[in-house]
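Residues in the sequence shown are numbered from 111 upward in steps of one, following our numbering. See below for the structure under consideration.
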Amino acid sequence: MAVPSCALQVNGSFQTHFISESFNHLKTSLSSAAKPLFRELQQLPIKKVNNVSETMKNTSGKMLDALVNSMFKFVDQPLLPSQKNFAPVEEIGSLVEINCTEGEIPPDFAEGVYIRNGNNPLFGGLKSAVSIFGQSHQCWVDGEGMLHAVYFKKDQHGSWIISYKNRYVETETFKLEKHIHNKPCFLPVLQGDASAVLAALLLNGLRFGAVNKYVSNTNVFEHSGRVYSVTENYLPQELDISTLETLSDWDVNGAWDRPFTGHPKKAPSSGELVIMGTDAKKPYYVLGVISADGKKLHKADLKFKRSVYSHDIGVTQKYNVIIDHPLTIDIKRLVMGGQLMKYEKEGFARIGVMPRYGDAESVKWFEVQANCTLHILNCFEEGNEVVVRGCRALTSLIPGPDDDVGFNNKFEWFSKGFNFAHHTKDVSSADDIFAEPGYFFSRVYEWRLNMVSGEVEEKNLTGTEFSMEFPFINDQVTGLKHKYGYTQVVDSMASSTCGMAKFGSLAKLYLEESYAMTSAEGKCEELIKVEYHKFEENNFCNGSVFVARHGGKGMEEDDGWIVTLVHNEETDVTQVHVIDASRFGSEAIAKLTLPQRVPYGFHGTFVSMPSQS
Numbered sequence: 111m112a113v114p115s116c117a118l119q120v121n122g123s124f125q126t127h128f129i130s131e132s133f134n135h136l137k138t139s140l141s142s143a144a145k146p147l148f149r150e151l152q153q154l155p156i157k158k159v160n161n162v163s164e165t166m167k168n169t170s171g172k173m174l175d176a177l178v179n180s181m182f183k184f185v186d187q188p189l190l191p192s193q194k195n196f197a198p199v200e201e202i203g204s205l206v207e208i209n210c211t212e213g214e215i216p217p218d219f220a221e222g223v224y225i226r227n228g229n230n231p232l233f234g235g236l237k238s239a240v241s242i243f244g245q246s247h248q249c250w251v252d253g254e255g256m257l258h259a260v261y262f263k264k265d266q267h268g269s270w271i272i273s274y275k276n277r278y279v280e281t282e283t284f285k286l287e288k289h290i291h292n293k294p295c296f297l298p299v300l301q302g303d304a305s306a307v308l309a310a311l312l313l314n315g316l317r318f319g320a321v322n323k324y325v326s327n328t329n330v331f332e333h334s335g336r337v338y339s340v341t342e343n344y345l346p347q348e349l350d351i352s353t354l355e356t357l358s359d360w361d362v363n364g365a366w367d368r369p370f371t372g373h374p375k376k377a378p379s380s381g382e383l384v385i386m387g388t389d390a391k392k393p394y395y396v397l398g399v400i401s402a403d404g405k406k407l408h409k410a411d412l413k414f415k416r417s418v419y420s421h422d423i424g425v426t427q428k429y430n431v432i433i434d435h436p437l438t439i440d441i442k443r444l445v446m447g448g449q450l451m452k453y454e455k456e457g458f459a460r461i462g463v464m465p466r467y468g469d470a471e472s473v474k475w476f477e478v479q480a481n482c483t484l485h486i487l488n489c490f491e492e493g494n495e496v497v498v499r500g501c502r503a504l505t506s507l508i509p510g511p512d513d514d515v516g517f518n519n520k521f522e523w524f525s526k527g528f529n530f531a532h533h534t535k536d537v538s539s540a541d542d543i544f545a546e547p548g549y550f551f552s553r554v555y556e557w558r559l560n561m562v563s564g565e566v567e568e569k570n571l572t573g574t575e576f577s578m579e580f581p582f583i584n585d586q587v588t589g590l591k592h593k594y595g596y597t598q599v600v601d602s603m604a605s606s607t608c609g610m611a612k613f614g615s616l617a618k619l620y621l622e623e624s625y626a627m628t629s630a631e632g633k634c635e636e637l638i639k640v641e642y643h644k645f646e647e648n649n650f651c652n653g654s655v656f657v658a659r660h661g662g663k664g665m666e667e668d669d670g671w672i673v674t675l676v677h678n679e680e681t682d683v684t685q686v687h688v689i690d691a692s693r694f695g696s697e698a699i700a701k702l703t704l705p706q707r708v709p710y711g712f713h714g715t716f717v718s719m720p721s722q723s
């Protein structure tokens, strides 16, 4: 899960608050012998004070570096043989031309760029930091973002020229570690012993002015002719689409000063971009609407009473759809010895429906059964109802096992969670979710929110045969009623063996075709028709997107192709597969072999040539 992408860091302006509180504590604890020195420094002329301040800043920086270097040791987190394709790769350099290994790209395929984002950790892989405070660990969604791009372009004769390139997203913290220090610097903060995580937060903030790295590894999106990379702990980075060079951070002309969602959504018809940013301190959740030209911003603090890790947002013709589930970030819990980020199985969940340019008071909230929904398939209006569809689970893979399981047992925790072999029971609550294997099972789910009566109808759309995640649609129907949806399908056995998610097939959801199904408990459910595109054994996909047929507006909703990366673990070769969405179960119409393997990652997108600046 991306989290994403996640991705999934301590967010934005929290660092200022945390560092300020730490400095206040240090000031009050100064000995009486040191205080006269500070009074004397305050009486110096301004020019001398500036010189002294710069000297003290450099000295304190070196002291902190020496402290960290002497007290903390970075160690690599081991990878099993079955986790080989989660290991990072190097930048390939210049564009490399590639050819179709099988089949051919159709002439009415759109010219453009398929880009997939994902974590590609610097310095050999994910790290843990060991010290007298204990251990803190990078999470499976940590690691610097690397873009993998496939360019589809026609020459003057109409023949396809296809090329590949990869490149790191060079955020400010990437430059600091890679180009200035050339070694790991930021201490991990998402998992580990509470005292070690607290020490990491404090020392990162004091040394770098940021409590965690800006990894930008979750997603890629386009708005107003510009393309951006993003992870929700910081601002997006604008990219040069032709070179993948990182240009600058995007703060909407200075109007957006906080984290930015990994899944912004374009409103139907208007082209406005609906975003949100969550934080570990108030305001916990701020929603934004950016004009179609990218110059104007409407911003609203939704006045949440807790910090939630909300990874996605939905849109309809008139509304914004807000997910508030009990995956929370809590500094007080950390100080008391608990986890910084945790799924609270006893917590509440709700969905908010907000007029496009509304505020906190205009949101209509609907209480729903407790769940963790990281990804929305789509939302739309139908009569008096707002319909929300997404991939719903009863716990979260992010950031990892609870304290009572422990980091050293994380493989067993993940392995058990992905073991869906006996997952036929329809668990409706999280009370006994961990009693049996398969607790990561995710089903496509529907909530119908009645805007008049306030009532909620919720139900599963898919059964217990396959776990589905990373949903996507034809972007032309975002916010509108639609016939089809698509997901990646978890390979239970491979994921359980590996202890990390692997997707062995794709699913096409026929949302207007249903049938009755009786569960093992005798419960009758009305489920939708699902068609599968299965890959060969030990082949796994990621970064799947729908590409509409060029000039295909007004045609069938599934008139286009699925583009996905597929890695063969036996040959260690990665290919791009192009699948006809209207003949979904058939063999891919084209396969393109890439010049080097591509590690499993998160989300992809397709940017058509007219959208490029």
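Cβ coordinates follow ideal geometry from the N, Cα and C atoms, glycine included. Keep in mind the model is a prediction, meaning the values are calculated, not measured.
Please name the residue in the options whose C-alpha comes closest to that of residue i.
i, options, result
"residue 357", "188, 194, 345, 365", "345"
"residue 496", "481, 562, 253", "562"
"residue 80", "244, 258, 242, 236", "Outside the shown range of the chain (111 to 723) lies residue 80, about which nothing can therefore be said."
"residue 410", "457, 471, 456, 361", "471"
"residue 633", "621, 593, 570", "570"
"residue 464", "241, 665, 475", "475"
"residue 337", "343, 317, 419, 359", "359"
"residue 677", "670, 688, 650", "650"
"residue 423", "490, 444, 363, 367", "490"
"residue 708", "689, 684, 565, 330", "684"
"residue 660", "241, 669, 307, 351", "669"
"residue 698", "168, 400, 213, 239", "213"
"residue 656", "714, 414, 288, 591", "714"
"residue 203", "455, 353, 319", "353"
"residue 567", "498, 304, 340, 695", "498"
"residue 412", "335, 239, 419, 432", "432"
Report the three-state DSSP secondary structure of residue i (helix, strand or coil).
i, result
"residue 279", "coil"
"residue 148", "Caution applies to residue 148, whose pLDDT of 49 falls short of 50 and renders its modelled position unreliable; the value that the coordinates give is listed next. Reduced to three states, the DSSP call for residue 148 is helix."
"residue 608", "helix"
"residue 455", "coil"
"residue 330", "strand"
"residue 142", "Confidence in residue 142 is poor, its pLDDT being 49 and thus under 50, which makes the residue's placement unreliable; the coordinate value appears in the next sentence. Note: residue 142 maps to coil in three-state DSSP."
"residue 466", "coil"
"residue 557", "strand"
"residue 256", "strand"
"residue 175", "helix"
"residue 184", "strand"
"residue 530", "coil"
"residue 479", "coil"
"residue 230", "coil"
"residue 353", "coil"
"residue 121", "For residue 121, the pLDDT reaches just 45, beneath the cut-off of 50, and the residue's location in the model is therefore unreliable, although a value from the coordinates is still provided. Correct three-state label for residue 121: coil."
"residue 646", "coil"
"residue 264", "strand"
Throw me the rounded Cβ distance for the residue i and residue j pair, which I believe falls under 8 Å.
i, j, result
"residue 313", "residue 450", "In fact, because the Cβ distance is near 15 Å, the residues do not count as touching under 8 Å."
"residue 254", "residue 325", "5 Å"
"residue 457", "residue 480", "6 Å"
"residue 388", "residue 374", "13 Å between Cβ atoms; not a contact."
"residue 488", "residue 595", "7 Å"
"residue 230", "residue 252", "Not a contact, Cβ separation roughly 11 Å."
"residue 528", "residue 602", "6 Å"
"residue 293", "residue 233", "7 Å"
"residue 210", "residue 700", "5 Å"
Using C-beta distances below 7 Å, list every residue in its chain close to residue i, excluding the 5 sequence neighbours before and after it, in chain order.
i, result
"residue 270", "215, 262, 264"
"residue 615", "599, 642, 643, 644, 645"
"residue 417", "388, 389, 390, 394, 438, 439, 440"
"residue 613", "598, 599, 600, 601, 650, 651, 652"
"residue 361", "345, 367"
"residue 530", "548, 551, 577, 602"
Please return the same chain residues whose Cβ sits closer than 8 Å to the Cβ of residue i, not counting the five positions on each side in sequence.
i, result
"residue 206", "273, 274, 275, 705"
"residue 317", "171, 174, 175, 178, 295"
"residue 291", "none"
Which same chain residues, not among the five before or five after residue i, have their C-beta less than 6 Å away from its C-beta?
i, result
"residue 260", "224, 274, 686"
"residue 302", "245, 246, 247"
"residue 608", "192, 193"
"residue 386", "371, 397, 423"
Runs of 4 residues minimum, wholly inside the stretch 361-448: which ones carry the alpha helix (DSSP H) assignment? Listed in chain order, they are 441-445.
Ordered list of alpha helix (DSSP H) runs contained in the stretch 559-633, each at least 4 residues: 602-608, all fully within the stretch 559-633.
Residue ranges of each alpha helix (DSSP H) within the stretch 268-324, 4 or longer: 282-285, 304-318
What ranges does the beta strand (DSSP E) occupy inside the stretch 679-716, keeping only unbroken runs of at least 3 residues that lie completely in it? 683-690, 700-703
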